[in-house]
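One structure below.
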Amino acid sequence: MTTTEGTPLTSADLAGNGVYGNDPDVLGKFGIFGGRYVPEALIPALDEVAAEYDKARSDLEFLREFDHLLRTYAGRPTTLTEVPRFAEQAGGARILLKREDLTHTGAHKINNVLGQALLTKRLGKTRVIAETGAGQHGVATATAAALMGLECVIYMGAVDCERQALNVARMKLLGATVIPVTNGSQTLKDAINEAFRDWVTNVDHTHYLFGTVAGPHPFPEIVRDFARIIGVEARRQILELTGRLPDAVAAAVGGGSNAIGIFHAFINDKSVQLHGYEAGGRGVETGEHALTLTEGSVGVLHGSRTYVLQDEEGQTIESHSISAGLDYPGVGPEHAWLKDSGRATYHGITDAEAMDAFSLLARTEGIIPAIESSHALAGALKLGRELGPEATILVNLSGRGDKDMGTAMKYFNL
Amino acid sequence: MTTLQTVFEKARAENRAALVGYLPAGFPTKDGAVAAATAMVEAGCDVIEIGLPYSDPLMDGPTIQDAVHRSLTNGTRIADVMRTVEGVAKSGAATLVMTYWNPVDRYGAERFARDLASAGGVGTITPDLTPEESEPWLAASKEAGLGTVFLVAPSSPDERIARVAACCTGFVYAASLMGVTGARESVNVAAEGLVERTRPHTSLPVCVGLGVGNGRQAAEVAAYADGVIVGSAFIRRLLDAPDEASGLAAVRELAHELAEGVRR
Ligand SMILES: Cc1ncc(COP(=O)(O)O)c(C=O)c1O
Chain A
68 MTTTEGTPLT SADLAGNGVY GNDPDVLGKF GIFGGRYVPE ALIPALDEVA AEYDKARSDL
128 EFLREFDHLL RTYAGRPTTL TEVPRFAEQA GGARILLKRE DLTHTGAHKI NNVLGQALLT
188 KRLGKTRVIA ETGAGQHGVA TATAAALMGL ECVIYMGAVD CERQALNVAR MKLLGATVIP
248 VTNGSQTLKD AINEAFRDWV TNVDHTHYLF GTVAGPHPFP EIVRDFARII GVEARRQILE
308 LTGRLPDAVA AAVGGGSNAI GIFHAFINDK SVQLHGYEAG GRGVETGEHA LTLTEGSVGV
368 LHGSRTYVLQ DEEGQTIESH SISAGLDYPG VGPEHAWLKD SGRATYHGIT DAEAMDAFSL
428 LARTEGIIPA IESSHALAGA LKLGRELGPE ATILVNLSGR GDKDMGTAMK YFNL
Chain B
109 MTTLQTVFEK ARAENRAALV GYLPAGFPTK DGAVAAATAM VEAGCDVIEI GLPYSDPLMD
169 GPTIQDAVHR SLTNGTRIAD VMRTVEGVAK SGAATLVMTY WNPVDRYGAE RFARDLASAG
229 GVGTITPDLT PEESEPWLAA SKEAGLGTVF LVAPSSPDER IARVAACCTG FVYAASLMGV
289 TGARESVNVA AEGLVERTRP HTSLPVCVGL GVGNGRQAAE VAAYADGVIV GSAFIRRLLD
349 APDEASGLAA VRELAHELAE GVRR
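Sequence order for the protein chains is A and B.
Position one of the first sequence corresponds to residue 68 (the numbering used here), numbered consecutively onward.
Position one of the second sequence corresponds to residue 109 (the numbering used here), numbered consecutively onward.
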């Protein structure tokens, strides 16, 4: 599909249900994962969102509007940057970064948010709510709400409010109400609980603008589709630049949206390895980590069957990560399925490894990455040493590090 | 053991609604929960729902969240939930477990059903288990002779109500409002309409919960529903009590008031 001017639609391949495969079944399942485990009161709202999205995804008018926003507001397409000085530490492999940090608001979250904000208008709803960990999804949601004249309420764990104070101020400036969540671990998982409670109460005029590829069907599918522009662009760009597909694609995994966003266009390219990097926190042996896929077990959290950090009686175990955006004991069901099917591989990166990669990229390339994205960078360093100097690795630089200066100042004694 | 069927038959014979009380296991303490539930039964509750404390209770308001948090901090485990059921069932009430799905899933559906039945439980209420995902639990419950209770909500269209009701044995739980658990100033007017919309789809009793907290509200709901479900208001009494004895007296007093309400 092309626009009237004849330029290809960046988001055009969102249309065509099933063309790219890997769509969930009618119950929202990816294999055994996904589905809906939610109060019955929310089923009609989820059905409504799913039905409207089904119409929207094949409506050229909707796709044009989305595309227009991605180009003229979010700053797409984002560039690819080769980072040879950084790659010296990766055994000489070629490393290319997909620069989602250069989007408006500074992270990949804006892609999904613009899509869902348009969907909110189609649904005739006037209020959006969202959870946020690092604050990037909250900032993106507050931004889209300001742009489209929607009321906006953001739930954020009190611990996260503190470590991402800058983003709290940004959201407020954008006109959003930020509600610190003080129960449980006071991080992302509790913010999600609180957002669900709001949604069930205000569902008649409110859309829950879910920020990652987790949660009940249809969120994993919708968020993925709005994020997959990352991989669609990157695949085209890397072919143009290097004349071939990369050997591996690396991304950080919190809930999994930036990872699925860049993986998805490569799923059918069997020669391309897909690697996801979870937060190893203080190390697997300390129990203080967010290694959901690598250390968790299959269960139900936040409306979806997936891998979960849980004890033997199904109680969620609190996660830990230096990066708020990866500090989550669940993960999107499509990743659970990619893991079990063997198509993607998931690994842990400790806080210390991530912070080393964070400072290395800053010093060698003049790019300050988000701490979340630094997990993918640390992964790429290891991967490069494994794959050798002939290898090309594509890394999703999902966001920029401005929001992390407080953490960096403490960590590096700046 | 008192069954749900005998409870509702008895209530109908007395021309009143049944009174259903909720308390999480392990709150205020492991033994305290049995004592409080027993007091509730002695003062007029026909059915007790024992909540299985879960780390992520996304359908619950602040009062139940608070109680559940304390219970988990007290170290409540599934074995304690079963022991609580055993203790409460002795009081003569039909005793159910209300639980989010993940703890049952993890424990094993068949094992959970077997253990609950041998503890004297008569069934479960599963607020986040949808009919689409209910098959393993329906099978395990049937095998163990347990009732299954699912929820309908004011937002449920008639097809959903039919689908949910078809999964229920024992009774159908009508959530009075769109929202989380917690006592409210008044019971939502939508509740009566929801009960009316549910009737054509089931011959089972229909009970109303969420937002009921005093005798007046219980009487109002009892006029159109077969059962009145009260949770947060009992917990509030226990949370506000300076010590265990006055907590017990307070829940007893509330149960009396509610029992009088369902008989008005
Ligand atoms: C820059 C950045 N990267 C990654 C993530 C993790 O989320 P996801 O796994 O959904 O991409 C976040 C979340 O806040 C983020 O801000």
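Ideal Cβ placement from N, Cα and C applies to all residues, glycine included.
Status (buried if at least 16 other CB within 10 Å, exposed otherwise) for residue i
| i | result |
| --- | --- |
| Asn210/B | buried |
| Lys138/B | buried |
| Ser294/B | exposed |
| Ala125/B | buried |
| Phe479/A | exposed |
| Val297/B | exposed |
| Val86/A | Note that Val86/A scores a pLDDT of 44, beneath 50, so its modelled location is shaky and nothing firm can be said. |
| Ala258/A | buried |
| Arg295/A | buried |
| Lys38/A | What is shown of chain A runs 68 to 481, which leaves residue 38/A out entirely. |
| Ala315/A | buried |
| Ser242/B | buried |
| Lys250/B | exposed |
| Lys406/A | buried |
| Asp292/A | buried |
| Pro151/A | exposed |
| Asn335/A | exposed |
Cross-strand partners of residue i (DSSP beta bridge)
| i | result |
| --- | --- |
| Gly455/A | In the DSSP output, where bridge partners are listed per residue, Gly455/A has none listed. |
| Val260/B | Ala282/B |
| His274/A | Val195/A |
| Thr203/B | Ile156/B |
| Gln340/A | Ala315/A |
| Thr417/A | Gly348/A |
| Ser371/A | Leu368/A |
| Arg467/A | Pro436/A |
| Gly224/A | Val248/A |
| Leu461/A | Leu163/A, Val316/A |
| Glu261/A | None, per the DSSP bridge assignment. |
| Tyr130/B | Glu157/B |
Distance cut-off 6 angstroms: residue i Cβ against heavy atoms of ligand 1
| i | result |
| --- | --- |
| Gly200/A | yes |
| Ala274/B | no |
| Thr279/A | yes |
| Gly323/A | yes |
| Ala437/A | yes |
| Ala212/A | no |
| Gln203/A | yes |
| Gly392/A | yes |
| Val320/A | yes |
| Ala419/A | no |
| Ala243/A | no |
| Ala299/B | no |
| Ala174/A | yes |
Residue i: CB within 6 angstroms of a non-hydrogen atom of ligand 2
| i | result |
| --- | --- |
| Gly466/A | Looking at this structure, you won't find ligand 2 anywhere; what it does contain is ligand 1. |
Contacts of residue i in chain C (Cβ-Cβ under 8 angstroms)
| i | result |
| --- | --- |
| Val267/A | Structure shown: chain C not included; protein chains present are A and B. |
Please confirm if the segment 247-256 of chain B is in contact with the segment 123-138 of chain A, defined as three or more CB-CB distances below 8 angstroms between the two stretches. no
Are the segment 195-207 of chain A and the segment 129-136 of chain A touching by the rule of at least three beta carbon pairs closer than 8 angstroms? no
For a minimum of 3 consecutive residues, which ranges assigned as the beta strand (DSSP E) are wholly contained in the segment 150-174 of chain B? Every beta strand (DSSP E) of 3 residues or more that sits fully in the segment 150-174 of chain B is shown, in chain order, as 155-159.
Is the segment 107-122 of chain A in contact with the segment 352-364 of chain A, if contact means three or more CB pairs nearer than 8 angstroms? no
Quick test of the definition: if touching needs 3 or more C-beta pairs under 8 angstroms, does the segment 89-99 of chain A touch the segment 251-259 of chain A? no
Does the segment 377-390 of chain A touch the segment 151-171 of chain B, meaning 3 or more C-beta pairs lie closer than 8 angstroms? Yes, the segment 151-171 of chain B touches the segment 377-390 of chain A.
Runs of 3 residues minimum, wholly inside the segment 118-202 of chain A: which ones carry the beta strand (DSSP E) assignment? 147-149, 161-166, 194-199
Are there three or more Cβ pairs, one per stretch, closer than 8 angstroms when the segment 140-158 of chain B is compared with the segment 454-471 of chain A? No, because fewer than three Cβ pairs between the segment 140-158 of chain B and the segment 454-471 of chain A fall closer than 8 angstroms, the two stretches do not touch.
Touching or not, the segment 287-307 of chain A and the segment 404-419 of chain A, by the rule of three or more beta carbon pairs under 8 angstroms? no
The segment 276-290 of chain B in contact with the segment 303-318 of chain B per 3-pair CB rule at 8 angstroms: yes
Contact between the segment 440-450 of chain A and the segment 335-349 of chain A is defined here as three or more beta-carbon pairs at a separation below 8 angstroms; is this criterion met? yes
Is it the case that the segment 421-435 of chain A contacts the segment 264-282 of chain A, given that we only count it when at least three CB pairs across the two stretches are under 8 angstroms? The segment 264-282 of chain A vs the segment 421-435 of chain A: no contact.
Does the segment 139-148 of chain A come within contact of the segment 310-325 of chain A, defined as at least 3 CB pairs closer than 8 angstroms? no
At least 3 beta-carbon pairs within less than 8 angstroms: the segment 110-120 of chain B vs the segment 129-137 of chain B: By the C-beta criterion, the segment 110-120 of chain B is judged not to be in contact with the segment 129-137 of chain B, since fewer than 3 inter-stretch pairs fall below 8 angstroms.
Between the segment 145-164 of chain A and the segment 451-460 of chain A, are three or more C-beta pairs nearer than 8 angstroms? yes
Do the segment 284-293 of chain B and the segment 319-329 of chain B touch if we need at least three Cβ pairs shorter than 8 angstroms? yes
For the segment 390-407 of chain A against the segment 168-178 of chain B, do three or more pairs of beta-carbon atoms, one drawn from each stretch, fall closer than 8 angstroms, so that the two count as touching? no
Jot down the residue ranges of each uninterrupted beta strand (DSSP E) in the segment 282-335 of chain B, minimum 3 residues, whole runs only, in chain order. 314-317
Does the segment 393-404 of chain A come close enough to the segment 369-379 of chain A to have 3 or more Cβ pairs within less than 8 angstroms? yes
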